[in-house]
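Each remark here refers to the structure printed beneath this line.
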Amino acid sequence: MTSSSTSPASGADEIPSLYGPGTTVKRVRTRHLIDAKERGEKWAMLTSYDQYTAALFDEAGIPALLIGDSAANNVYGYETTLQVSVDELLPLVAAVARSTKRTLVVADLPFGSYEAGPAQALETAVRFMKAGAHAVKLEGGRRMAAQIRALTDAGIPVMGHIGFTPQSEHSIGGYRVQGRDAQAAEIVADAHAVADAGAFAVVLEMVTSSVAAEITKQLPIPTVGIGAGPETDAQVLVWQDMAGLRGGKPPRFVKRYADLASVLQGAVKAYADEVRAGEFPAREHGFE
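Each residue of the sequence shown is one higher than the last, beginning at -4 in this note's numbering.
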């Protein structure tokens, strides 16, 4: 299936879907995500940085995986996303791309790798596409329209990112909700600029629910919310937040669907206890 106009094999009344065992989508493409918006089907995106999570999330039916610059905090131990580099993200992109069969692999362009202008953005994006990405993501609205247009003109799909943009946290003034009061019109203008420049989707981060809902109604491309309320076309979370692997109080917009930190701590403690007690390895774990 290449678009929603393709007739499904199991009957004329069946609606094509990104999810489920009956889907005919062999590899999710940007067009499939736009088609999903047109028919009102919501979808989920998660971050991924390694082969094991990528394969698991792919098998679970997640249609888009993001190798985010959030790897700075969740892989490399940096304090902010500003510190991660292109060279550090490229191997993660390659690992995820090699480990998936169906999901759309989106790579974040890190801080400092595209802001100088369209030429720099294109050079960086080409490196990520050669590493295996199917699309790239960059932060910024109207001020990044030229970069987005240059990439799309070169045949590189782009996901935009507006609202709270972590790479600009110092100029924004920290982690602040975007779109309140007079700022709402600015966020809407950024959304239209991203779409008009050719982006296939746009992330709305920490944008008020009402503004995110209005943008979702106005844009022909999918909106992907993170802290932007329930009316966006899709949602994205950092997988370590979603699965409860990272400690501390989660952001307000995060829902923990598991407590992997406790599971792993329990497994490690049991392993260490058995080693100390001489219970592991047992005879069946050795060779004669």
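Glycine included, C-beta positions come from ideal geometry on N, C-alpha and C. In this text, all values refer to a predicted model and were calculated from it rather than measured experimentally.
Under 7 Å between C-beta atoms of Ala196 and Ala207
By the CB criterion at 7 Å, Ala196 and Ala207 fall outside the cutoff.
Which parts of the stretch 61 to 113 are runs of the alpha helix (DSSP H), unbroken and 4 residues or longer, counting only runs that do not cross its ends?
For the stretch 61 to 113, whole alpha helix (DSSP H) runs of length 4 or above, ordered along the chain, are 66 to 69, 81 to 93.
CB-CB under 7 Å to Ala180, same chain, minus the five flanking residues each way: which ones, in chain order?
So the list is empty, once near-sequence residues are dropped.
If you reduce the DSSP assignment to three classes, tell me which class Glu200 lands in.
Three-state DSSP puts Glu200 in a strand.
Cβ of Tyr14 less than 7 Å from any chain B Cβ?
The question asks about chain B, but that chain is absent: this structure has only one protein chain.
Coarse secondary structure for Lys21, derived from DSSP in three states:
If DSSP states are grouped into helix, strand and coil, Lys21 belongs with coil.
For Lys155, which residues of its own chain have a beta-carbon under 6 Å away from its beta-carbon, when the five flanking residues on both sides are left out?
Correcting the residue type first, residue 155 is Gly in the shown sequence and not Lys. Val189, Ala194, Val197, listed in sequence order.
What three-state label does DSSP hand Ser0 in the structure shown?
Caution is warranted here: a pLDDT of 39 is assigned to Ser0, below 50, making its placement in the model unreliable, and the coordinate value is therefore given only provisionally. In the structure shown, the three-state DSSP call for Ser0 is coil.
Could you give the DSSP three-state label for Lys32: helix, strand or coil?
Lys32 falls in the helix class under three-state DSSP.
CA-CA distance, Gln178 and Val263?
Pairing Gln178 with Val263, the inter-Cα distance amounts to about 49 Å.
Please confirm whether Leu104 and Val70 have their CB atoms less than 7 Å apart.
Using a Cβ distance threshold of 7 Å, Leu104 and Val70 do not count as a contacting pair.
Tell whether a beta-carbon distance below 7 Å holds between Asp254 and Pro245.
No.
Contact defined as beta carbons within less than 8 Å: I believe Ala354 pairs with Leu85. What is the distance between those atoms, to the nearest angstrom?
The chain is shown from -4 up to 283; residue 354 falls before or after that span and cannot be answered.
With a CB to CB cut of under 7 Å and the five nearest residues on each side skipped, what residues in its chain are close to Ser0?
In this prediction, Ser0 scores a pLDDT of 39, lower than 50, which makes its location untrustworthy; the coordinate-derived value is nonetheless stated afterwards. There are no such residues.
Based on the DSSP secondary-structure assignment, which residues constitute the bridge partners of Met40?
Paired residue(s): Ala59, Val231.
The beta strand (DSSP E) that contains Gly158, what's its start and end?
It spans 153 to 158 - the beta strand (DSSP E) in which Gly158 sits, taken as one unbroken run.
Where Ala145 falls: helix, strand or coil (DSSP):
Here Ala145 sits in helix by DSSP.
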